[in-house]
C-alpha cells in the first residue's frame, strides 16, 4: 500500500506543477533572477519579453495541467482496478511521469517561437508591419 501512495503522490506532482506554475506565471511575472522562472536568452532580452514569455508559457502549462491531471488520475485508477504487480505498475507510472516531463520540455519550443514572432532580436516588440 505504501507503494501506491508513493506512486500516486509522484504521478500527481507534474500535473500539479503544470497547474500551480501555470497559474502563477499568468498572474505574476517573476523579476529578473537566476533561480526561478522562464529563463532563455530571448526571454531575458527585455522586461517586456520576459513578461510575455511568462504569460505565454503560463497559459500553456495551465491548459496542459487541466488535461494531464484527469489523464493521470484515470491512469492511476485503471492501474488500481487492474491490480497489476508492482513492477509493471511502477514502469507504467514511471513512463507516465517521464512523458509528462517530456511535454514540459517541449513547451519551450512554442514559447520561443512566439517570442521570435513578437519580439526583435534585441527584445523590442515587433511593430504590426514587421
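Numbering (the numbering used here), first residue to last: 807 to 936. We put the beta carbon where it would ideally sit given N, CA and C, even for glycine.
Ranking 843, 838 and 873 by CA distance to the CA of residue 832 puts 843 first. Here residue 827 has 864 and 867 as same chain residues with Cβ atoms under 8 angstroms from its own Cβ, once five neighbours each way along the sequence are excluded. Under the criterion of beta carbons closer than 8 angstroms, residue 813 and residue 899 qualify as touching, at roughly 5 angstroms. Taking 7 angstroms as the cut-off, the Cβ atoms of residue 835 and residue 855 do not count as close.
For residue 847, the three-state secondary structure derived from DSSP is coil. Boundaries cannot be given for residue 839, as no alpha helix (DSSP H) includes it and DSSP labels it neither H nor E. Looking at 808, 809, 811 and 821, the one whose alpha-carbon comes closest to that of residue 903 is 821.
Fully enclosed alpha helix (DSSP H) runs of no fewer than 4 residues occupy 853-888 of the region 841-903, in order along the chain. Pairing residue 810 with residue 922, the inter-Cα distance amounts to about 44 angstroms. Judged by DSSP secondary structure, residue 924 falls within the alpha helix (DSSP H) whose first and last residues are 914-924.
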